[in-house]
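Before any comments, here is the structure.
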């Protein structure tokens, strides 16, 4: 097998705008089928994005012998059910973030994948952008001295009260939708899990956290802060502060395929910059997943990483006041 045959579970915008085009552009994957609760939506998306087959429902898709892997962009509340079902059907799974509603669900998903001998990974596309490797190289190389603080901001203003991000039952809210990026980044750059957390959540009339501020302390002395909202002016950035300098990355989580990446480094009053060529981080993500499956390699970000991620999110929710 030289090409991974993908099936898409659901007609979400993220699939249409980002992941399906990324698979089409990839060197080792092809989208062969899609299914949605509303068949007409699946047919419309299939026509728009050149998918050859529309299947009647999710069960038909995961049981198709013509599919090797599935991408799951369903509401967060549906990740657990359909990831386990796909694993039991022998399909490899790339599941949208957050992996689950909580750590218990994530553990059950990881166990199902392990039992079935399939690969499961959480779809954090930003981790695959070359700018992240550059940032990690700068930190590990001591460019800013000892890392002390990791700060991230991710916000946007929802204009529709009917958006699923405002549904508590579907697993919405700022922490689950965009705060998870800052949690992931903090874990990635420290290489550790937090030993203590604190948080403030502002819930809206929807019942979900529309603004969330969290802090995490790590055993190596690093403190990470996240400031996220689904009801505030749009912004996405992160910075890493060390004992002798600072790294600043704007748009670090959401660099567009045609957007040049920029790392700003401040040291002793001097500012320097590193630029990265425009790349499609979604394409890099699906290609890396595809190589792991096709070559039977371990995933760089396996299911267990998603379980650990959900443990931190659980702790932040529990700590929130």
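Residue numbers (my numbering): 6 to 326. The C-beta atom is built at its ideal place from N, Cα and C for all residues, glycine as well.
Setting aside the 5 residues that flank it on each side, residue 220 is surrounded in the same chain by 203, 230, each with a C-beta closer than 6 Å to its C-beta; the list follows chain order. Rounded to whole angstroms, residue 144 and residue 40 show a C-alpha spacing of 43 Å.
The Cβ atoms of residue 42 and residue 61 do not sit closer than 8 Å to each other. By the Cβ neighbour-count rule, residue 207 is exposed, with fewer than 16 other Cβ atoms within 10 Å of its own. Around the C-beta of residue 22, fewer than 16 other C-beta atoms lie within 10 Å, and the residue is accordingly described as exposed. The three-state secondary structure of residue 318, taken from DSSP, is helix.
One alpha carbon belongs to residue 140, the other to residue 252, and they sit about 8 Å apart. Counting C-beta pairs with one atom in each stretch, the stretch 179 to 196 and the stretch 123 to 137 have three or more that are closer than 8 Å, which means they touch. Relative to the Cα of residue 222, the nearest Cα in the group 196, 211, 242 belongs to 196. Proximity of the stretch 94 to 108 to the stretch 278 to 285 falls short of the contact definition, fewer than three beta-carbon pairs being nearer than 8 Å. Taking C-beta separations shorter than 7 Å and ignoring five residues to either side along the sequence, the partners of residue 248 in its chain run 150, 151, 153, following chain order. Residue pairing by DSSP puts residue 241 in a beta bridge opposite 159. Taking 8 Å as the cut-off, the beta carbon of residue 161 is found no closer than this to the beta carbon of residue 212.
Sequence-distant partners of residue 228 (beyond 5 residues in either direction) whose C-beta falls short of 6 Å from its own C-beta, in its chain, are 154, 222.
Taking the CA atoms as reference points, residue 315 sits about 23 Å from residue 297. When rounded, the separation of the alpha-carbon atoms in residue 269 and residue 286 is 20 Å. Straight through space, the alpha carbons of residue 210 and residue 138 are spaced by roughly 40 Å. Judged by DSSP secondary structure, residue 120 falls within the alpha helix (DSSP H) whose first and last residues are 108 to 121. Counting every other CB atom within 10 Å of its CB across the protein chains shown gives residue 273 a total below 16, marking it as exposed.
Within the same chain, Cβ atoms closer than 8 Å to the Cβ of residue 33 are found at 7, 8, 9, 292, 295, 296, 299, the five residues on either side in sequence being excluded. Counting C-beta pairs with one atom in each stretch, the stretch 260 to 267 and the stretch 173 to 185 have fewer than three that are closer than 8 Å, which means they do not touch. If you draw a straight line from the Cα of residue 194 to the Cα of residue 77, it comes to about 27 Å. DSSP places residue 99 inside the beta strand (DSSP E), whose first and last residues are 97 to 101.
Straight through space, the alpha carbons of residue 275 and residue 25 are spaced by roughly 42 Å. Taking a 10 Å sphere around the C-beta of residue 302, we find fewer than 16 other C-beta atoms and assign the residue as exposed.
Judged by DSSP secondary structure, residue 53 falls within the alpha helix (DSSP H) whose first and last residues are 44 to 54. A straight line joining the alpha-carbon of residue 324 with that of residue 200 spans about 13 Å. Just so you know, the alpha carbons of residue 164 and residue 142 end up roughly 39 Å apart. Taking all protein chains in view, the Cβ of residue 182 is crowded by 16 or more other Cβ atoms within 10 Å, so the residue is classified as buried.
DSSP, read as helix, strand or coil, puts residue 66 in helix. DSSP, read as helix, strand or coil, puts residue 81 in helix. The C-beta separation of residue 308 from residue 125 comes to about 4 Å, placing the pair in contact by the 8 Å criterion.
Where residue 213 is concerned, there is no enclosing alpha helix (DSSP H), because DSSP gives it neither an H nor an E.
DSSP lists 266 as the beta-bridge partner residues of residue 281.
Residue pairing of residue 247 in beta bridges, as defined by DSSP: 152.
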